[in-house]
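Protein chains in written order, with our numbering: chain R, 238 to 402; chain Y, 632 to 751; chain X, 704 to 879.
Right under this line is the structure:
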């Protein structure tokens, strides 16, 4: 708890002081990243949502989303990326993915076993909005994996080479 | 014959784990072990004239590749990513504590001064 | 067929180079090349889901490893090799490879898998799970406990990394 409040205070003080030109890579890299990062993000969502009709799926879509966020970290520095998606929200999304998976698994009446495909009348196949729980589970996996890899990378960046003592 | 190449790749990974002393080299050899297992599983599911296991609406597909190893490898890949990231975190913490990546030097430092490493 | 052999031999050469080269940064980048060869091999083996996922995962892994490598002076100190240890390892690996001949004789022939379980998956995935990507049907419907436990493992690794990166000395405030 102390950590999070500390972090927020640091952000509020730091970002007006440091204009974005100071941290991160050169201006060419920043411009190209600014152009491509949205395309990558939307492509990841597309892959995750169409996971049941084309090759792809929640794992690949989540990894692409995490890669787009990681691009932000590499080009603009950690603070600019954390301004887009803060650390607490990333952890909340990770946990929400796992919880959504569990809730979809536990849903259904007593006759159906846990984590089963509980919709009795399946919808129209070969379409985006097919009625089954596989698109829901794809969204859950996508949330979990994307936010999880982002949080892992943020914490790995935060380890400094010298222990400050 | 093509399975034997996978076993060679696996044995290279075992060699790296057993012989190398640098922690980054150890992480690389565990990654190579992962790759060998993935490619072996997917090779065992391949089928001549097999197609991608996705049904398409307007054409008839007779032969499909075995989809079971593919889904198993798909799940294993994410776990491999997470475990490798965990190993990298451990290696960075060890470097922070001991200023080296070499395992033998870490053991020497630990045996000389055992009171240093209470939170490594 | 011949392209699969070429890719696998490239992977073996890359693995040996990555383990034997002195510079750590070069070793990490060669490992990235090995992973990309693996992705191409998945594409040839009719597994586009895996090719996609492996491509992305490889890029993330190379970024993480480069981050760990430029941490330090990126060069392995040359020390004298323990030859008895080395020879023992080589002998055990040669035993392993010799024993793998028996294992390969038991495996199904390349190109003709058994498909005892997945025949039912392939015939009934369209009616039971109502999706036409059979890999997604197996991952998220038939074998869903695997996926669930994999996500739990990812979450556990996340918690462990959080604990590792925060473990400074007790009296210090941990603002990273």
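Note that beta-carbon positions come from the ideal geometry of N, C-alpha and C, so glycine has one too.
Nearest to residue i by CA position, among the options, is which residue?
i                      : options                    : result
residue 649 of chain Y : X:762, X:713, X:786, X:716 : X:786
residue 701 of chain Y : Y:731, Y:653, Y:668, Y:689 : Y:668
residue 312 of chain R : R:274, R:384, R:336, R:375 : R:274
residue 696 of chain Y : Y:688, Y:684, Y:689        : Y:684
residue 710 of chain X : X:799, X:741, X:835, X:804 : X:741
residue 765 of chain X : X:739, X:751, X:748, X:746 : X:739
residue 270 of chain R : R:314, R:325, R:332        : R:314
residue 751 of chain X : X:863, X:869, X:836        : X:836
residue 840 of chain X : Y:686, Y:743, Y:727        : Y:686
residue 833 of chain X : R:278, R:282, R:290        : R:290
residue 279 of chain R : R:261, R:262, R:301        : R:301
residue 277 of chain R : R:262, R:292, R:309        : R:309
residue 665 of chain Y : Y:727, Y:641, Y:692        : Y:641
Verify whether the separation of the beta carbon atoms of residue i and residue j is less than 8 Å.
i                      : j                      : result
residue 708 of chain X : residue 633 of chain Y : yes
residue 842 of chain X : residue 850 of chain X : yes
residue 737 of chain X : residue 721 of chain X : yes
residue 396 of chain R : residue 723 of chain Y : yes
residue 394 of chain R : residue 303 of chain R : no
residue 733 of chain X : residue 645 of chain Y : no
residue 715 of chain X : residue 738 of chain Y : no
residue 756 of chain X : residue 297 of chain R : yes
residue 861 of chain X : residue 385 of chain R : yes
residue 857 of chain X : residue 710 of chain Y : yes
residue 803 of chain X : residue 729 of chain Y : no
residue 654 of chain Y : residue 740 of chain Y : no
residue 815 of chain X : residue 682 of chain Y : no
residue 712 of chain X : residue 717 of chain Y : no
residue 335 of chain R : residue 852 of chain X : no
Spatial neighbours of residue i within its chain, please: CB distance less than 6 Å, with the 5 preceding and 5 following residues excluded, ordered by chain position.
i                      : result
residue 248 of chain R : For residue 248 of chain R, the predicted structure reports a pLDDT of 48, less than 50, and the residue's modelled location is therefore unreliable. A value from the coordinates is still provided. Cβ within range, chain order: n/a, list empty.
residue 731 of chain Y : none
residue 295 of chain R : 285, 288, 375, 378, 379
residue 267 of chain R : 312
residue 637 of chain Y : 667, 670, 671
So, for residue i: in the same chain, excluding its five sequence neighbours on each side, which residues have a beta-carbon less than 7 Å away from its beta-carbon?
i                      : result
residue 772 of chain X : 727, 728, 731
residue 306 of chain R : 318, 322, 387
residue 591 of chain Y : Summary: the structure shown does not reach residue 591 of chain Y, with chain Y confined to residues 632 through 751, and so no result is reported for it.
residue 713 of chain Y : none
residue 651 of chain Y : 657, 660
residue 333 of chain R : 380
residue 761 of chain X : 735, 738, 739, 742
residue 675 of chain Y : 700
Starting from the beta carbon of residue i, find every residue of chain Y whose beta carbon is closer than 9 Å, and list them in chain order.
i                      : result
residue 857 of chain X : 709, 710, 712, 713
residue 296 of chain R : 705, 706, 708, 709
residue 393 of chain R : 716, 719, 720, 723
residue 389 of chain R : 712, 713, 716, 717, 720
Name the chain Y residues whose beta carbon is nearer than 7 Å to that of residue i?
i                      : result
residue 798 of chain X : None at all; the shortest Cβ gap to chain Y is about 10 Å.
So which residues on chain R does residue i lean against when the C-beta distance must stay under 8 Å?
i                      : result
residue 699 of chain X : Outside the displayed span of chain X (704 to 879) sits residue 699 of chain X, for which this structure offers no information.
residue 683 of chain Y : 292
residue 868 of chain X : 392, 393, 395, 396
Run down chain Y in chain order and give the residues with a C-beta less than 8 Å from the C-beta of residue i.
i                      : result
residue 824 of chain X : 698, 699
residue 706 of chain X : Chain Y residues near residue 706 of chain X: none, gap ~12 Å exceeds 8 Å.
Leaving out the 5 sequence neighbours to the left and right, which residues in its chain are closer than 8 Å to residue i when beta-carbon positions are compared?
i                      : result
residue 677 of chain Y : 696, 697
residue 328 of chain R : 384, 388
residue 258 of chain R : Confidence is the limiting factor: at residue 258 of chain R the pLDDT is only 48, short of 50, which leaves the residue's position unreliable, though a coordinate-based value still follows. Result list for residue 258 of chain R: 264, in chain order.
Below 7 Å on C-beta distance, what does residue i contact in chain X?
i                      : result
residue 729 of chain Y : Ordered by position in chain X, no residue passes the 7 Å Cβ test against residue 729 of chain Y, which lies about 11 Å from the chain.
By the criterion of Cβ-Cβ separation under 8 Å, what are the contact partners of residue i in chain X?
i                      : result
residue 378 of chain R : 843, 850, 854
residue 741 of chain Y : Ordered by position in chain X, no residue passes the 8 Å Cβ test against residue 741 of chain Y, which lies about 17 Å from the chain.
residue 282 of chain R : None at all; the shortest Cβ gap to chain X is about 14 Å.
For the ligand MN, is there a heavy atom less than 7 Å away from the beta-carbon of residue i?
i                      : result
residue 811 of chain X : The ligand MN is not part of this structure, which contains no ligands at all.
Measuring CB atoms only, is the stretch 845 to 852 of chain X touching the stretch 689 to 709 of chain Y, in the sense that at least three cross pairs come out at less than 8 Å?
yes
Specify whether the stretch 338 to 345 of chain R and the stretch 367 to 381 of chain R touch according to this definition: at least 3 beta carbon pairs, one from each stretch, less than 8 Å apart.
yes
With three or more C-beta pairs closer than 8 Å as the rule, is the stretch 793 to 809 of chain X touching the stretch 654 to 662 of chain Y?
no
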